[in-house]
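Which chain is which? The protein sequence lines are A and B, in order.
Just so you know, the first sequence maps onto residues 1219 to 1402 in the numbering used here.
Just so you know, the second sequence maps onto residues -13 to 188 in the numbering used here.
Ideal Cβ positions, reconstructed from N, Cα and C, are used throughout, including at glycine.
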Amino acid sequence: MKKINNHGLTAVEVIICFSITAVIVISLFKVISNYNDKQYIESNKNQIITYKNVVTKSIQSDILKNGGIKSISPSDFNDKYDEMYNNKYFNINFYYNNGQNARLYFDLHENYEYILFSNSERVDEKYPLSDIGNGVIFNEPRIDYDEDNELLNIYVGINHPDLGDKYAVLDLTLPLTSKWSNLY
Amino acid sequence: MKKINNKGFALVETLIVSAFIVSIFTIMYTNFYPIMGEYEKRENYDDISLLYSSNLFKKLIEKNKSYPNMASKINSVLNISSSTPYAPNIGFSTYIELKADSFYPDNYTDNEKKDNSSRDCFNVLFKNTDVEAIYLTTYNISNMKNQNLDVQTIDYIKSLPNFNNNPNNLKCRIIVKYKPEGNRESNNKDLNYRYSTIGVDC
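Right, dumping it as structure tokens:
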């Protein structure tokens, strides 16, 4: 007759099993939690890069389409920098080679920060900073117009709660056509 | 009567299976971990701002390609490529690093001296866009992948395709190496150089 093994597990076996399982689960939990954090941070990075790509593409395409920037206003931008910064806005008008113009505007008021680009076709493209996520703030933009070399540099860094101040949402080097006509 | 085997697994059997599973996990982990590092490195490659900056250098080269200094550099790059199309070029340089003098005509006329500020333009752009180096090479970069360059640059070049398809029949390519992000604004210094590449009509 067939003899069935009905002894079951001993208490020691069960305890060993549970302890091994517990160790595995705890170590896996740490690994998964770590990757979950990484995924969250990478998704934030992705949002920043997307924001930067969209804004940069919009501005650069408009500039290339209109044959480059001939001049900007205010032409004494560096002198007005402090005034603009204290009032939490920056406003630069681009006058293109073909007679069209566009406007780039930064609003730095807290919880309301955005970049606005009114392109040469009079379409307002507004890019709120809230698109990147909560708690992100603009660092002081570095907008520098090198009058001797007719080169406009715009660098807008951000401070992100998880990523710090490493990333920028705008980093443009824009040569003006009077000196740089060979580039357009 | 049939006798049933109710002895269970021997210790050796259990150990063998456990060791097998552990080795599988180890292999998976060692293969997976570098992929994460690779992904983090690639965020410094071909960023949109870098591409637009490289486009400025592309235009400058195209404008100056007929000047003797620039033309000789372009010719030497193209000659190296055509003379060694299939060889692994260890020991050969298949690129030329561009400097400001590449943009200055050797036998410039007075008018060119007055009007042409390409060399100065190059210097200004070089400084303002945080460029570390510009390498001029052929459009197809298969010969660049075993060059004697620094590790980060070679890593970038190896991450690129060979660009075998050339729909616009461009002959040259520039690979631009930018200083690490954070030089301008951030205190959070990064040690990774940034790169971008673009085809040039030589």
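{"query": "Contacts that threonine 1395 of chain A makes with chain B (C-beta to C-beta distance below 8 Å)", "result": "What threonine 1395 of chain A touches in chain B: nothing, since even the nearest Cβ is about 12 Å away."}
{"query": "Residues that tyrosine 142 of chain B contacts on chain D, provided the C-beta gap is smaller than 7 Å", "result": "Among the protein chains of the structure shown, namely A and B, there is no chain D."}
{"query": "Residue nearest to leucine 156 of chain B in terms of C-alpha spacing, selected from B/Leu135, B/Phe6, B/Tyr15, B/Asp187", "result": "B/Asp187"}
{"query": "Integer Cβ distance of isoleucine 120 of chain B from glutamate 167 of chain B, believed to fall under 8 Å", "result": "Isoleucine 120 of chain B to glutamate 167 of chain B, Cβ: 18 Å. No contact."}
{"query": "Neighbourhood of tyrosine 1303 of chain A by C-beta distance below 7 Å, restricted to the same chain and skipping five residues each side", "result": "Glu1358"}
{"query": "Secondary structure of valine 1387 of chain A, DSSP reduced to three states", "result": "strand"}
{"query": "Chain A contact for lysine 49 of chain B (CB, 9 Å cutoff)", "result": "yes"}
{"query": "Residues bridged to phenylalanine 1335 of chain A [DSSP beta-bridge criterion]", "result": "A/Leu1322, A/Glu1343"}
{"query": "For glutamate 24 of chain B, three-class secondary structure by DSSP", "result": "helix"}
{"query": "Anticipated Cβ contact below 8 Å, tyrosine 1402 of chain A with glycine 1286 of chain A, distance rounded", "result": "4 Å"}
{"query": "Three or more C-beta pairs below 8 Å linking the region 1307 to 1314 of chain A and the region 1280 to 1297 of chain A", "result": "yes"}
{"query": "Exposed unless 16 or more other CB atoms sit within 10 angstroms - verdict on glycine 1353 of chain A", "result": "exposed"}
{"query": "Within chain B, partners of lysine 1288 of chain A - CB distance below 7 Å", "result": "Residues of chain B passing the Cβ test: none, with the nearest at roughly 17 Å."}
{"query": "7 Å Cβ shell around serine 1336 of chain A - same chain, five flanking residues per side excluded", "result": "Ala1320, Arg1321, Asp1342"}
{"query": "Contacts of isoleucine 2 of chain B in chain A (Cβ-Cβ under 7 Å)", "result": "Here the premise fails: no neighbours, minimum Cβ distance about 17 Å."}
{"query": "Where asparagine 1315 of chain A sits in the DSSP three-state scheme", "result": "coil"}
{"query": "Separation of leucine 1334 of chain A from proline 54 of chain B, as counted between CA atoms", "result": "45 Å"}
{"query": "Validate contact between the region 1293 to 1300 of chain A and the region 1259 to 1268 of chain A using beta carbons, cut 8 Å, 3 pairs", "result": "no"}
{"query": "Which listed residue (B/Asn150, B/Phe108, B/Ile143, B/Phe112) has its alpha carbon closest to that of lysine 165 of chain B", "result": "B/Phe112"}
{"query": "As assigned by DSSP and simplified to three states, the class of serine 1293 of chain A", "result": "coil"}
{"query": "Residues of the region 1370 to 1385 of chain A with Cβ closer than 7 Å to any Cβ of chain B, in chain order", "result": "Asn1371, Tyr1373, Gly1375, Gly1382, Asp1383, Lys1384"}
{"query": "Bounding residues of the alpha helix (DSSP H) (the contiguous stretch that carries valine 182 of chain B)", "result": "The amino acid occupying residue 182 of chain B in the given sequence is serine; valine does not appear at that position. No alpha helix (DSSP H) holds serine 182 of chain B; the beta strand (DSSP E) holding it covers 180 to 186."}
{"query": "Residue of A/Ala1229, A/Ile1242, A/Lys1270 minimising C-alpha distance to isoleucine 1350 of chain A", "result": "A/Lys1270"}
{"query": "Beta-carbon proximity of tyrosine 1299 of chain A to isoleucine 1361 of chain A, cut-off 9 Å", "result": "yes"}
{"query": "Where glutamine 1265 of chain A meets chain B, residues with beta-carbon distance less than 7 Å", "result": "Within chain B, no residue comes near glutamine 1265 of chain A; the closest Cβ sits about 13 Å away, beyond 7 Å."}
{"query": "Exposure of asparagine 1316 of chain A, with buried meaning 16 or more beta-carbon neighbours within 10 Å", "result": "exposed"}
{"query": "Residue burial classification, glutamate 1365 of chain A (beta-carbon count within 10 angstroms, cutoff 16)", "result": "exposed"}
{"query": "Pick from B/Thr124, B/Phe43, B/Asn134, B/Ser58 that is closest to asparagine 152 of chain B, judged by C-alpha positions", "result": "B/Thr124"}
{"query": "Simplified DSSP state of lysine 100 of chain B, which is helix, strand or coil", "result": "With a pLDDT of 48 at lysine 100 of chain B, under the threshold of 50, the modelled position of that residue is not reliable, and the figure given next carries that caveat. Residue state, collapsed to three classes: helix."}
{"query": "DSSP-derived helix/strand/coil call for aspartate 106 of chain B", "result": "helix"}
{"query": "Whole-angstrom C-beta distance between cysteine 107 of chain B and leucine 37 of chain B, which should lie under 8 Å", "result": "Incorrect: roughly 19 Å between the Cβ atoms, too far for contact."}
{"query": "Top-ranked residue by Cα proximity to lysine 1306 of chain A, from A/Leu1381, A/Gln1265, A/Ile1355, A/Ile1281", "result": "A/Ile1355"}
{"query": "Ranges of the alpha helix (DSSP H) found wholly within the region 1223 to 1298 of chain A, counting only runs of at least 4", "result": "1229 to 1283"}
{"query": "Inter-residue spacing [alpha-carbon to alpha-carbon] between leucine 42 of chain B and isoleucine 1281 of chain A", "result": "13 Å"}
{"query": "For valine 162 of chain B, the first and last residue of its enclosing alpha helix (DSSP H)", "result": "Note, valine 162 of chain B: premise wrong, no alpha helix (DSSP H); beta strand (DSSP E) at 158 to 164."}
{"query": "Residue span of the alpha helix (DSSP H) that contains tyrosine 142 of chain B, given as start and end", "result": "137 to 145"}
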